[in-house]
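**Student:** Here it is, the structure in full.
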Amino acid sequence: MFAICFWLILCVRGISDRSGWPLRSLIPGLVGFGLLAPLVSFANASSALDKPAPTHSVDIHQSNVVIEIPIYESVSHRQLVAQAEALVSDRIRQAFQQDRKISSIKVTVLGNQHGNVIPLLTTAVARAQWQKSPDVQRWTRYDNSYALLQRPAQAKPRTVVAARPIAAVPAAPTPRENLARMEAA
């Protein structure tokens, strides 16, 4: 039907171009009287039929969690990773127990030392994987950014003091002093 409408438009356009008679005004008239409405509605219906039917899928819920560990003092890499792994293990266990809809979880652990935030590790695991093997190390990707925390703290700016006092420079004479010198001379 869409092809018929398209052909009709082309024919009208071709006739009006050849004969000079404006048949283009005929189409709005036909639409106004409702003669082309069934063709247009059929064309729209056929395009709706082309759309795939919605499929029923299992709801997959992934939880994304970010944990930030404040670092106030010097700590070894092993201590920091052990602390992060313990936090991740607890968080994953809690998430799967508290919400049965969660099918997978991704936990990212960041270290924060004086405002310098770096990624330490990321654990991504599905519920079925965690039930078979609740080992954090197996499902974790470790970042190599720990070295950034080993940067020395910024040193305080030093005040530089001159070794010898600088000789005093005489102040410029005021206008009164200049006037007094001129009168005295």
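For the sequence shown, counting from 1, position 55 maps to 55 in my numbering; every step adds exactly one.
Using N, Cα and C, we set each Cβ at its ideal position, and we do this for glycine too.
Among L87, H61 and N64, which one has its Cα closest to the Cα of A70?
**Tutor:** The sequence shown places Pro at residue 70, rather than the Ala named in the question. Measuring from the Cα of P70, the nearest candidate turns out to be L87.
**Student:** Hey, quick one: how far does the alpha helix (DSSP H) through L80 stretch, first residue to last?
**Tutor:** H77 to Q98
**Student:** For G32, count neighbouring Cβ atoms within 10 angstroms of its own Cβ and tell me buried if that reaches 16, exposed if not.
**Tutor:** Its pLDDT being 49, under 50, G32 is placed unreliably by the model, and nothing is read from it.
**Student:** Output needed for G85: all residues of its chain with C-beta closer than 8 Å, excluding positions within five of it in sequence on either side, in chain order.
**Tutor:** Gly is not the amino acid found at residue 85; the sequence shown has Glu there. L121, V136, Q137 and T140.
**Student:** Could you check where the beta strand (DSSP E) with Q131 kicks off and where it finishes?
**Tutor:** Q131 -> not in any beta strand (DSSP E); alpha helix (DSSP H) instead, spanning R127 to K132.
**Student:** Which value, in whole angstroms, describes the spacing of the CA atoms of P175 and R181?
**Tutor:** 10 Å
**Student:** Rounded to whole angstroms, what's the CA-CA distance from G125 to Q131? Just pull it up for me.
**Tutor:** Correcting the residue identity first, residue 125 is Val in this sequence and not Gly. Rounded to whole angstroms, the separation of the alpha carbons of Q131 and V125 is 10 Å.
**Student:** Applying the criterion that 16 or more other CB atoms from any shown protein chain within 10 Å of the CB defines a buried residue, is A45 buried or exposed?
**Tutor:** Caution is warranted here: a pLDDT of 42 is assigned to A45, below 50, making its placement in the model unreliable, and no coordinate value can be reported.
**Student:** Using the three-state DSSP reduction, which class does N144 fall into: helix, strand or coil?
**Tutor:** It is coil, neither helix nor strand.
**Student:** Specify the secondary structure class of A124 as computed by DSSP and reduced to three states.
**Tutor:** strand
**Student:** Please state the DSSP three-state secondary structure of K51.
**Tutor:** Low per-residue confidence applies at K51: pLDDT is 44, beneath 50, and the placement is therefore not dependable enough to give any value.
**Student:** Under the assumption that L149 contacts Q113 (Cβ atoms under 8 Å), give the Cβ distance between them as a whole number of angstroms.
**Tutor:** Their Cβ separation, rounded to whole angstroms, is 5 Å, which keeps L149 and Q113 in contact under 8 Å.
**Student:** Please go through the same chain and pick out, in chain order, the residues whose beta-carbon is closer than 8 Å to the beta-carbon of I102, but skip the five residues on each side of it.
**Tutor:** H61, Q62, S63, A95, F96 and R127
**Student:** So if DSSP puts L149 in a beta bridge, which residue, or which two residues, is it bridged to?
**Tutor:** Note: L149 sits in no beta bridge, so no partner.
**Student:** May I ask you to list the residues that DSSP assigns as paired with K106?
**Tutor:** Beta-bridge pairing links K106 to N64 and A124.
**Student:** Does G111 pass the burial test, meaning 16 or more other C-beta atoms within 10 Å, or should it be called exposed?
**Tutor:** buried
**Student:** Tell me whether E177 sits in a helix, a strand or coil according to DSSP, three-state version.
**Tutor:** E177 falls in the helix class under three-state DSSP.
**Student:** Going by alpha carbons, who is nearest to E68 out of P119, D90 and A82?
**Tutor:** P119
**Student:** Are the Cβ atoms of R93 and V107 separated by less than 8 Å?
**Tutor:** no
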